[in-house]
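Number of protein chains: 2
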Amino acid sequence: MKVHNFNAGPSILPNEVLYKASKALIDFEGSGMSILEIGHRTPLFQAVLDEARDLVKELMQLEDDFEVLYLHGGATTQFMQIPLNLLENDGTASYIDTGVWSNKAIKEAKQYGFVDVAGSSKDSNYNHIPKQFSVSPKSTYLHITTNNTIYGTQWQKMPETDVPLIADMSSDILSRSLDFNKFTLIYAGAQKNMGAAGTTLVIVRKSALGKVTRKIPTILDYRNHIENGSMLNTPPVFAIYISMLTLRWLKEQGGAAAMEIENEKKAGLLYNEIDQNPLFRGTAQKEDRSRMNVSFIMDKPELEEEFLKFCKKEDIVGIKGHRLVGGFRASLYNALPYESVEVLVEAMKYFSLKKA
Amino acid sequence: MKVHNFNAGPSILPNEVLYKASKALIDFEGSGMSILEIGHRTPLFQAVLDEARDLVKELMQLEDDFEVLYLHGGATTQFMQIPLNLLENDGTASYIDTGVWSNKAIKEAKQYGFVDVAGSSKDSNYNHIPKQFSVSPKSTYLHITTNNTIYGTQWQKMPETDVPLIADMSSDILSRSLDFNKFTLIYAGAQKNMGAAGTTLVIVRKSALGKVTRKIPTILDYRNHIENGSMLNTPPVFAIYISMLTLRWLKEQGGAAAMEIENEKKAGLLYNEIDQNPLFRGTAQKEDRSRMNVSFIMDKPELEEEFLKFCKKEDIVGIKGHRLVGGFRASLYNALPYESVEVLVEAMKYFSLKKA
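One line per chain: the protein sequences are W and H, in this order. 223 is the number that the UniProt record's numbering gives to position 223 of the first sequence; each next residue is one higher, with no gaps. 253 is the number that the UniProt record's numbering gives to position 253 of the second sequence; each next residue is one higher, with no gaps.
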């Protein structure tokens, strides 16, 4: 019996991924070894890595100029690795500030060049995505965070810009159809929609690299990872294996387009309840609401603790909101079944009736 | 039925670790969630991380000044992270060059300050550990690689020095009794003796940090990881869990001292055969032979391929030597049972008789 897992990340994974991985931990593909015990420079693991990268290319329909890398270090490492590789000391990069994660990226970029914060929704506690902003054509790139887990906001339409577009898609990658070829670099920690914690996907256009003059440490230079086929050093073997299995599952479900339909349904059901139920209220502006992380509060905050307890009894896990917004946050990543949202909505209805 | 796994890393793990992890992949501690699905900021994972760090402190008998960190990025990241955090631009660090991994560390350090290569065994293809070298008392630190996987050499006695001692122990950590308190910083990829690929152990004296004037990117500053209890960003949850289970197993076996006895026995058996069998010959100088990686060649290299095929038939896996040394390499990490070495020795005897 599984719980209804609304964790913000690490988060729910498809059952079939977990069962397959559980077996591979004992014996991987009849090798007599666990997936944890095989050498990374063997055909056994090369096949896993190749399939994972091919699935990324296929599911995102990437142009040939893109390289697909599975790296160590989390998206937080990318905050510094991107400007280190792309931003010249006297160059300027534009960032849209949509919350905590954008801010972390901005802070690191400032160590390497100039940062122009082209837009921000800070004044309203990041409850929306900035709509009006201008990016200098001289900017090296424009960086956005496509989905903001804490505030429950999401870019519905990608910004139109003439400068190279870079996106942190850690919390909504492959959750909807997008023209990924509009980007120059996309990165995402695997632990929400495409795997478990321990590896970070970076897709980057080869043509964007090699332009800065600074010396880059070997392990942080994307070109070295490309040259070594994502095996510059021992890769996080198991995390890449889990991502490969998750992408396989995603493909079987029909890919990003099918995920989008499913995620719209799940989010629609929950937002509908939030809007109708007198006890609850959404925190993000309607037009920018995230289909991944639904943030909501109660008008009577004194009931929050009780509702959380009630949810726990109903095997609903992980809906406590982030301290910066308060209330609740339900994360509806790809692997979360529609049924779990139904259970949450039922709980909200029942609790509301009880308190009426 | 398991194979006899002599892989150089990732490598063999204890069966009980794999079985426990296999179950945790389906349901972790009765939570109704997989170990991959739990939030990292939950009591469930905090208990795992705390136990792993406590076990490191206990098994290494570390003084209080040490901080224990589980980081992303592999030992290769440490090659640059150490000088970035410790070596001033106008400072000098001393390195002993014992092969490929030392060289990678030296290369990265040169980006941050001056490097004094205090000793090297390069001229003899690294078949021994340099014995005579002098380290300037002005050196910021002395860096050694305690075990050299490719060449099968190992420091038997740690160098006496007045400057802070730093060691890459990726391939022999906790495989023998050592006074770890003689060091200022020790690092090790987990995937050989203490877990699986995907996390790197860094133990560092707090008192050594905060002395360089350069600005350090947030994710690369050890002090930030210390302040955040190894959870500056989402940690590699599963890799830390596997390391915790492996350390638990290690403690049950009797800790580093017991491992040393076992590893001496295994290495003794194999070196004895190499020295007696007319077909084989060790590559490292006897006094510096590694108990972790046994490198050996054949006087008739034309038989190597046949011997490898014969071993494969006997379910002996991972003994092909590194291309820089050739021949064979048998890695005898903590989790490898004595019985596997017996099987390899039998195969060597049998093959030798057949060819006599």
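We treat Cβ as the ideally placed atom computed from N, Cα and C, and that holds for glycine. This structure is a prediction, so every number in the text was calculated from the model and none was measured.
Between the alpha carbons of W/Ile219 and W/Leu269, how many angstroms are there, rounded? Rounded to the nearest angstrom, the two C-alpha atoms are 45 Å apart.
On the DSSP bridge assignment, give the partners of H/His4 in chain order. Answer by DSSP bridge pairing, in chain order: H/Ile316.
Note down, in chain order, each residue of its chain lying with its Cβ closer than 6 Å to the Cβ of W/Phe145, except the 5 sequence neighbours on either side. Checking the displayed sequence, the identity of residue 145 of chain W turns out to be Thr instead of Phe. Excluding residues up to 5 positions away in sequence, Thr98, Trp101, Ser102, Asp168 lie with their Cβ nearer than 6 Å to the Cβ of W/Thr145 in the same chain.
Note down, in chain order, each residue of its chain lying with its Cβ closer than 7 Å to the Cβ of H/Ala257, except the 5 sequence neighbours on either side. Same-chain partners within the cutoff: Ser177.
Can you tell me whether W/Thr213 is buried or exposed, with buried defined as 16 or more other CB within 10 angstroms of its CB? By the neighbour-count criterion, in which a residue is buried when 16 or more other Cβ atoms sit within 10 angstroms of its Cβ, W/Thr213 is exposed.
Determine the extent of the alpha helix (DSSP H) in which W/Glu252 is found, giving its start and end residues. Start and end: 237-253.
Listed in chain order, which residues of the segment 192-215 of chain H have Cβ atoms closer than 7 Å to some Cβ of chain W? Listed by position along the chain: Ala196, Ala197, Gly198, Lys215.
Using beta carbons (cut-off 8 Å, strictly below), is W/Ile26 in contact with chain H? At a cut-off of 8 Å between C-beta atoms, W/Ile26 counts as an interface residue with respect to chain H.
So, under 8 Å CB-CB, H/Ala197 and W/Pro83 are touching, yes? Tell me the CB distance rounded to an integer number of Å. Contact doesn't hold; Cβ gap of about 28 Å is too wide.
Supposed close pair W/Met292, W/Gln132 - CB separation, criterion 8 Å: Wrong, their Cβ atoms sit about 24 Å apart, outside the cutoff.
Is the beta carbon of W/Leu25 closer than 8 Å to that of W/Leu36? A contact, by the Cβ cut-off of 8 Å.
Where does H/Asn148 fall in DSSP's three states? In the structure shown, H/Asn148 sits in a strand (DSSP, three-state: E or B).
Cutoff 8 Å: W/Met231 Cβ touching any chain H Cβ: So, not an interface residue.
Per-residue burial, W/Ile96 [other beta carbons within 10 Å of its own, 16 or more giving buried]: Flag for W/Ile96 reads buried.
Hey, quick one: how far does the beta strand (DSSP E) through H/Asn224 stretch, first residue to last? Counted as a single uninterrupted DSSP element, the stretch harbouring H/Asn224 is not any beta strand (DSSP E) but the alpha helix (DSSP H) occupying residues 222-227.
Where W/Ile242 falls, given that 16 or more other Cβ within 10 Å makes a residue buried: With 16 or more Cβ atoms within 10 Å of its Cβ, W/Ile242 is classed as buried.
What in chain W is Cβ-close to H/Pro235, meaning under 8 Å? For the C-beta of H/Pro235, the chain W residues within less than 8 Å are, from N- to C-terminus, Ala197.
Determine the direct distance from the alpha carbon of H/Lys215 to that of H/Ser139, and round the result to whole angstroms. In a straight line, the C-alpha of H/Ser139 is about 21 Å away from that of H/Lys215.
Taking only three categories from DSSP, how would you classify W/Phe280? Of the three classes helix, strand and coil, the one that applies to W/Phe280 here is strand, per DSSP.
Determine, for W/Met348, whether the minimum Cβ-Cβ distance to residues of chain H falls below 8 Å. No, W/Met348 lies away from the interface with chain H (no Cβ there is under 8 Å from its Cβ).
What residue from W/Ser207, W/His143, W/Asn263 has the CA that sits closest to W/Val294's CA? Ranked by how close their Cα comes to the Cα of W/Val294, the residues W/Ser207, W/His143, W/Asn263 have W/Asn263 in first place.
Who are the near neighbours of W/Val117 in its chain, counting only those whose CB is closer than 6 Å to its CB and skipping five residues on each side? These residues qualify, in order along the chain: Tyr95, Asp97.
List, in chain order, every chain H residue whose beta-carbon is nearer than 7 Å to that of W/Asn5. One finds Met33, Glu37 in chain H with Cβ atoms closer than 7 Å to the Cβ of W/Asn5, taken in chain order.
Have a look at H/Asn85 and W/Asn5 and give me their C-alpha separation to the nearest angstrom. Approximately 39 Å, taken between the alpha carbons.
List, in chain order, every chain W residue whose beta-carbon is nearer than 8 Å to that of H/Lys2. What H/Lys2 touches in chain W: Gly32, Met33.
Going by the CB atoms, is the gap between W/Gly318 and W/Ala8 shorter than 8 Å? Taking 8 Å as the cut-off, the beta carbon of W/Ala8 is found closer than this to the beta carbon of W/Gly318.
Would you please verify whether the beta carbon of H/Pro10 is less than 8 Å from any beta carbon of chain W? Chain W contact via Cβ: present.
Chain H contact residues for W/Gln114, given Cβ-Cβ distances below 8 Å: The residue asked about is misnamed: residue 114 of chain W is Phe in this sequence, not Gln. Residues of chain H whose Cβ lies closer than 8 Å to the Cβ of W/Phe114 do not exist; the shortest such Cβ separation is about 15 Å.
Between W/Asp123 and chain H, is any beta-carbon pair separated by less than 8 Å? Residue contact with chain H for W/Asp123: absent (no Cβ-Cβ distance below 8 Å to any residue of chain H).
Using beta carbons (cut-off 8 Å, strictly below), is H/His143 in contact with chain W? Residue-level contact by beta carbon fails for H/His143 and chain W, as no gap is shorter than 8 Å.
Going along the segment 57-82 of chain H in order, which residues come within less than 8 Å of chain W, judged by CB to CB distance? Answer in chain order: His72, Gly73, Gly74, Ala75, Thr76, Thr77, Phe79, Met80.
Compare the beta carbon distance of W/Ala335 and W/Pro14 with 8 Å and say whether it is the shorter of the two. Yes.
Using the three-state DSSP reduction, which class does W/Val163 fall into: helix, strand or coil? Reduced to three states, the DSSP call for W/Val163 is coil.
Quick test of the definition: if touching needs 3 or more C-beta pairs under 8 Å, does the segment 42-50 of chain W touch the segment 174-189 of chain W? The answer is no - the segment 174-189 of chain W does not touch the segment 42-50 of chain W, with fewer than three Cβ pairs under 8 Å.
Would you call W/Gly119 buried or exposed, if buried means 16 or more other Cβ atoms sit within 10 Å of its Cβ? In summary, W/Gly119 is buried, with 16 or more beta-carbon neighbours lying within 10 Å of its beta-carbon over all protein chains present.
H/Thr200 to W/Gly321 span [Cα, whole Å]: Answer to the nearest angstrom: the Cα atoms are 31 Å apart.
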